[in-house]
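In the working numbering, the protein residues as written are 4 to 95.
Structure first, then comments.
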């Protein structure tokens, strides 16, 4: 399994934790944050047209596209096994 870390802003982490708690309390679904993010990604992928409708189109320059492409490349440091959910998800 390929693992990488994802950095979230504080308010995003809080929302993820609240979503995790709501699932546990209301639906009795117990997922760790890594599993929950996986479900969210799968849902967005499977329902891409609905997911895509939440975004407003923006025009990017060639330089901005190049910069974004460089940022999404996974580094070897991010592929370390044996890290906790927080280390993998938030890069701490």
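Each residue gets a CB set at the ideal place from its N, CA and C atoms; glycine is no exception.
On a predicted model such as this, the values are computed, not experimentally measured, just so you know.
Given 8 angstroms, three or more beta-carbon pairs between the segment 65-74 and the segment 46-57: no
Proximity of residue 39 and residue 15 at Cβ, strictly below 8 angstroms: no
Collapsed DSSP secondary structure at residue 62 in the structure displayed: coil
Residue nearest to residue 5 in terms of C-alpha spacing, selected from 13, 41, 34, 74: 41
Same chain, Cβ closer than 7 angstroms to residue 27, neighbours up to 5 away in sequence not counted: 33
Integer Cβ distance of residue 21 from residue 36, believed to fall under 8 angstroms: Not a contact, Cβ separation roughly 12 angstroms.
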